[in-house]
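Asker: Chains as they are written, first to last, in this note's numbering: chain A, 143 to 489; chain B, 143 to 489.
We treat Cβ as the ideally placed atom computed from N, Cα and C, and that holds for glycine.
None of these values were measured; they are calculated from a predicted model.
2 protein chains.
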Amino acid sequence: MGEVGDRHAPTMEDVAREAGVSHQTVSRVLSGHPNVRESTRERVREAIALLGYRPNSAARALVTRRSRTLGVVAANTTLYGPASTLAGLEHAARRSGYLVAAVSLDQLSETALKQALDHLAAWGVEGVVVMTPHQGAVAALARMTHPFPVVTVEGGHDLDLPGVALDQYTGARMVTEHLLSLGHASVWHVAGPRQWIEAEGRFQGWRSALEDAGVHAPEHLNGDWSAASGYRAGKLLAAAHRGLEQGSRPTAVFVANDHMALGVLRALGEADLRVPEDIAVAGFDDLPEAEYFSPPLSTVRQDFTAIGQAGIDLLLQRIEDPAAPTRHVTITPELIVRHSTGGPRAS
Amino acid sequence: MGEVGDRHAPTMEDVAREAGVSHQTVSRVLSGHPNVRESTRERVREAIALLGYRPNSAARALVTRRSRTLGVVAANTTLYGPASTLAGLEHAARRSGYLVAAVSLDQLSETALKQALDHLAAWGVEGVVVMTPHQGAVAALARMTHPFPVVTVEGGHDLDLPGVALDQYTGARMVTEHLLSLGHASVWHVAGPRQWIEAEGRFQGWRSALEDAGVHAPEHLNGDWSAASGYRAGKLLAAAHRGLEQGSRPTAVFVANDHMALGVLRALGEADLRVPEDIAVAGFDDLPEAEYFSPPLSTVRQDFTAIGQAGIDLLLQRIEDPAAPTRHVTITPELIVRHSTGGPRAS
DNA sequence: TGGCGCTTTGTTATCGCTAACAATCAGCTG
DNA sequence: CAGCTGATTGTTAGCGATAACAAAGCGCCA
């Protein structure tokens, strides 16, 4: 119906003109204000549909001082766990009407962390979830000041930062107790890097389970989460199995994550040690493919969706009331028994 | 000092007052305008630092009509490949001064895709990268109209959408030719779901390599990318190895991704078939742990950083000039030979 | 039928920035 | 030394929404 040639997106004013009302009435319809006559509301809706109007988020953000955007800073996003958590966070945020801006860290230096947070601050995010399960990074985070609330995921509960974390300690105890209950004299451990909060929790859980059972804890081995490091640890375990006498040789190992467990399995296989007959092996994470390792791996499963939801809940709460007391949420994991610790052979 | 008690973030006006200039001069300093006296510039910089001023992105976006935000819509973000690409995109975007808003799809329906794009549109993103390597999703995408430019990653080059893709076809040919060069009479194939663009490319590459070598292509097996489906295919391969006569039994398999290859390896292991002596196995993707499979897996490596960079380049170009001709970028993969096809035994 | 109170709608100011234009100042030129 | 030019700075007008207030419309009672 030939108005002037409109070159760019229609504004609220355009809708108002089309519907024969003021722009404020359009705003009221959009925000669901009750005091608008039904027929008017209808007319405005039609005009919106007709013109294909979309509210301008920048204008709204300017006047309301709310960007409805949350930031997520994460390290190691290519790994299954962080990637799943990220997806969980995004879904939870979207359900609550927030956009998620993701920043992935390739290194965990304080500088990189600061840059990531500055980047997000420059876009006016209302809050940030930080997933850097590293002691140093979390400590650095606690030292900084931010123009928005911050919540950690797997950041530990020691510092004065609200956060969500899986109960690594309990998960590790579950695995260790499971192995002991199978009759193993003791349980060895391939730990992750100790600066990682998860690694520390799993280590402590392993050790306390052994202590409580009155069992001597063997020296633990160290890895860096990678299959490669697990392979090296597995070589050592195989050597220990051969070299030590009957009573003290390793017959059960709790490996701190599934990737390293994969490396351990391969090293044991190369040394012609049978799993679980000679050595039982358990991991942590429950990668989707853990069921297809040789043999299928017993492990601990985390509920990433729950973690993501809890993280967003905590953050939104914090945004509503920044003065609220610091809260910590703990998610309980689940033990999955498969053939690598004597569970059913078939998948 | 003691001005009035300031409760919220300082504005450009506050900085201007502090520096004794007009807000416009502050704006000029911030945008690097040349015509500002050095001493003034210095004074403004000091005032900015003193007050801890941060530009308000909403106000800037409102007047410039640019949000400096890009969207990424991705499926299967928990898998290594998509997760790596996402990280690559994010880094590239950040280098160019853009924020990345991520939306992860849990299903590939047209509705879900549309909702994801609407969600991003509501925040005024300037462009979107779509990573849904599914024929149907890309076709649906091509049918929609968007208020911003769209670029695909692994979306194929058939449609009139600019995009980046790995050369699946060539990668598959490289693997297949490698296996043939080892003296195998033919090469079997465990394919991914054919609606997936990558699966189709790998399938075609495999078949054409066999054709060019004048070799009869055996019936291919189908999987769904998961280790579970690879395991089932592996069972079939093992049965075929036993059941068929010498000349036609499978001695080499190209599996369409590493996860399925893992399942194949396990099934073959359970059937007491040796890899690579009885059957050589190759995958596609080069997962970080592929080197620690039993045996280490020959596979095809993709440069995800390059893919991400190319995707962002293409998108920014498109934002600058929406009328520019549709461009397609192809990234060449790399063959990695390991012990599963007779490469070195050690990792 | 005048007036009170509720619903419905419109008007104006404002958020914090950039763009466009205006004004000032200095140095040079003729 | 008036006038022109270019560098530097300031002033004003939006961008497109929401918030606060003002005004109009309507039903109902005394």
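May I ask you to verify whether the stretch 430 to 445 of chain A touches the stretch 206 to 218 of chain A, counting CB pairs closer than 8 Å and requiring at least 3?
Answerer: They do not touch, by the three-pair rule.
Asker: So what does DSSP say about valine 423 (chain A), is it helix, strand or coil?
Answerer: If DSSP states are grouped into helix, strand and coil, valine 423 (chain A) belongs with the strands.
Asker: Got a sec, what are the start and stop residues for the beta strand (DSSP E) tryptophan 330 (chain A) sits in?
Answerer: Residues 330 to 333.
Asker: Are leucine 221 (chain B) and valine 271 (chain B) close, meaning C-beta to C-beta below 8 Å?
Answerer: Taking 8 Å as the Cβ cut-off, leucine 221 (chain B) and valine 271 (chain B) do not qualify as a contacting pair.
Asker: Specify, as a first and last residue, the run of the beta strand (DSSP E) that threonine 294 (chain B) falls within.
Answerer: Taken as a continuous stretch (DSSP letters only), the beta strand (DSSP E) holding threonine 294 (chain B) covers 292 to 295.
Asker: Distance, Cα to Cα, threonine 312 (chain A) vs proline 304 (chain B)?
Answerer: So the alpha carbons of these two residues sit roughly 50 Å apart.
Asker: Kindly indicate which three-state DSSP category threonine 441 (chain B) falls into: helix, strand or coil?
Answerer: Strand at threonine 441 (chain B).
Asker: Is the stretch 388 to 406 of chain B touching the stretch 360 to 377 of chain B in the sense that three or more CB pairs, one from each, lie closer than 8 Å?
Answerer: Contact between the stretch 360 to 377 of chain B and the stretch 388 to 406 of chain B is present, because at least three Cβ pairs lie under 8 Å.
Asker: Give the C-beta separation of arginine 460 (chain B) and alanine 452 (chain B) to the nearest angstrom, bearing in mind that I take them to be a contact with Cβ-Cβ under 8 Å.
Answerer: About 12 Å; that fails the 8 Å criterion.
Asker: Measure the alpha-carbon distance for aspartate 156 (chain A) versus alanine 351 (chain B) and round it to whole angstroms.
Answerer: For aspartate 156 (chain A) and alanine 351 (chain B), the distance between alpha carbons rounds to 59 Å.
Asker: I need the straight-line Cα distance from isoleucine 190 (chain B) to glycine 162 (chain B), nearest angstrom please.
Answerer: Going from the Cα of isoleucine 190 (chain B) to the Cα of glycine 162 (chain B) covers about 12 Å.
Asker: In its own chain, which residues sit with a C-beta less than 8 Å from the C-beta of glutamate 353 (chain B), not counting the 5 before and 5 after it?
Answerer: Hits under 8 Å: Ala359.
Asker: Using the C-alpha atoms, what's the distance from glycine 223 (chain A) back to alanine 254 (chain B)?
Answerer: Going from the Cα of alanine 254 (chain B) to the Cα of glycine 223 (chain A) covers about 24 Å.
Asker: Quick check on DSSP: helix, strand or coil for arginine 343 (chain A)?
Answerer: The residue you asked about is not arginine; residue 343 (chain A) is glycine in the sequence shown. Correct three-state label for glycine 343 (chain A): helix.
Asker: Assign arginine 416 (chain B) to buried or exposed, taking buried as 16 or more other Cβ atoms, counted over all protein chains shown, within 10 Å of its Cβ.
Answerer: That one is exposed.
Asker: Looking at C-alpha atoms only, which residue of B:Gly298, B:Ala264, B:Ala413 and B:Pro418 is the closest neighbour of phenylalanine 290 (chain B)?
Answerer: Checking every option, the nearest Cα to that of phenylalanine 290 (chain B) belongs to B:Ala264.
Asker: Below 9 Å on C-beta distance, what does glycine 425 (chain A) contact in chain B?
Answerer: In chain order: nothing, as chain B lies at least about 12 Å away.
Asker: If we cut at 8 Å on Cβ distances, does serine 489 (chain B) have a partner in chain A?
Answerer: Confidence at serine 489 (chain B) is low in this model, with a pLDDT of 47, below 50, so its placement is unreliable and the value that follows should be read with caution. Output row for serine 489 (chain B): interface = yes.
Asker: Measure the beta-carbon distance from histidine 326 (chain B) to alanine 422 (chain B) and round it to whole angstroms, keeping in mind my assumption that it falls under 8 Å.
Answerer: Indeed they touch by this definition, with Cβ atoms about 7 Å apart.
Asker: Over what stretch of residues does the beta strand (DSSP E) that includes histidine 470 (chain B) continue unbroken?
Answerer: Its beta strand (DSSP E) spans residues 470 to 473.
Asker: I'd like to know if glycine 453 (chain B) contacts chain A, where contact means its C-beta is closer than 8 Å to some C-beta of that chain.
Answerer: It does not; no Cβ of chain A falls within 8 Å.
Asker: With a threshold of 8 Å between beta-carbons, can aspartate 148 (chain B) be considered close to chain A, or not?
Answerer: Residue confidence is low: aspartate 148 (chain B) scores 47 on pLDDT, short of 50, so the model does not pin down where it sits. No coordinate-derived value is stated.
Asker: Expressed to the nearest angstrom, what Euclidean distance is found between the alpha-carbon atoms of glycine 298 (chain B) and glutamate 160 (chain A)?
Answerer: Their Cα atoms are separated by approximately 42 Å.
Asker: Please specify which runs of the alpha helix (DSSP H), each continuous and at least 4 residues long, are wholly inside the stretch 201 to 245 of chain B, giving them in chain order.
Answerer: If we require 4 residues or more, the alpha helix (DSSP H) runs fully inside the stretch 201 to 245 of chain B come out as 222 to 237.
Asker: Quick one: grab the DSSP three-state call for glycine 266 (chain B).
Answerer: If DSSP states are grouped into helix, strand and coil, glycine 266 (chain B) belongs with coil.
Asker: Please name the residue in A:Val293, A:Asp420 and A:Arg336 whose C-alpha comes closest to that of histidine 483 (chain A).
Answerer: Inspection of the sequence shows that residue 483 (chain A) is occupied by threonine rather than by histidine. When only C-alpha atoms are compared, the closest one is A:Asp420.
Asker: How would you call aspartate 414 (chain A), buried or exposed, if buried means at least 16 neighbouring beta carbons within 10 angstroms?
Answerer: Exposed: under 16 other Cβ atoms inside 10 Å.
Asker: Is it the case that the Cβ atoms of valine 267 (chain B) and alanine 243 (chain B) are separated by a distance below 8 Å?
Answerer: It is a contact, given that the beta carbons lie within the stated cut-off.
Asker: Can you give the Cα-Cα distance for valine 306 (chain A) and glutamine 277 (chain A), rounded to whole angstroms?
Answerer: Taking the straight line joining both Cα atoms gives about 15 Å.
Asker: Going by CA-CA distance only, name the one from B:His481, B:Arg170, B:Asp445 and B:Gln346 that's closest to threonine 472 (chain B).
Answerer: The option with the nearest alpha carbon to threonine 472 (chain B) is B:Asp445.
Asker: Proline 176 (chain B) touches chain A at which residues, Cβ-Cβ below 9 Å?
Answerer: The contacting residues do not exist; proline 176 (chain B) stays about 23 Å from chain A at best.
Asker: In the structure shown, what three-state DSSP assignment does alanine 282 (chain A) receive?
Answerer: Alanine 282 (chain A): helix per DSSP, three-state reduction.
Asker: Please name the residue, chosen from B:His481, B:Gln257, B:Leu241 and B:Gln249, that lies closest to glutamine 257 (chain A) on a Cα-to-Cα basis.
Answerer: Closest by alpha carbon: B:Leu241.
Asker: Isoleucine 473 (chain B) CB to nearest chain A CB: under 8 Å?
Answerer: Chain A contact via Cβ: absent.
Asker: Under 8 Å between C-beta atoms, does histidine 481 (chain A) make it to chain B?
Answerer: No, no contact with chain B.
Asker: Which first and last residues belong to the beta strand (DSSP E) in which glycine 389 (chain A) is found?
Answerer: Run containing glycine 389 (chain A): none; DSSP gives neither H nor E here.
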